[in-house]
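To start, the structure itself, in structure tokens.
Numbering (this note's numbering), first residue to last: 256 to 333.
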């Protein structure tokens, strides 16, 4: 059974970090049931240094997932 309350809280924490570090640039932030992970896509493309710095700020481990249709993507496996 999926604990959506925990997923929503984690999404809120991720959104807070992104807004504090980069400003409001979230294109999509959603739970992907197939992957069992939260997927974040930004509306901007970041360079490697910024990606590394941002990953260190998240409350749970984040993996760089490439560039999506709008910008840099991250995945958070739960």
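No residue lacks a Cβ here, since even glycine has one placed at the ideal position from N, Cα and C.
A check of alpha carbon separations from residue 323 across 283, 287, 289, 312 identifies 283 as the nearest. Here the region 261 to 270 does not lie against the region 298 to 310, with fewer than 3 beta-carbon pairs under 8 Å apart. Residue 295 holds the alpha-carbon nearest to the alpha-carbon of residue 330 among 312, 280, 295.
In this structure residue 271 is exposed. Its beta-carbon is surrounded by fewer than 16 other beta-carbon atoms within 10 angstroms.
Of the candidates 326, 263, 256, 325, the residue whose Cα lies closest to the Cα of residue 293 is 263.
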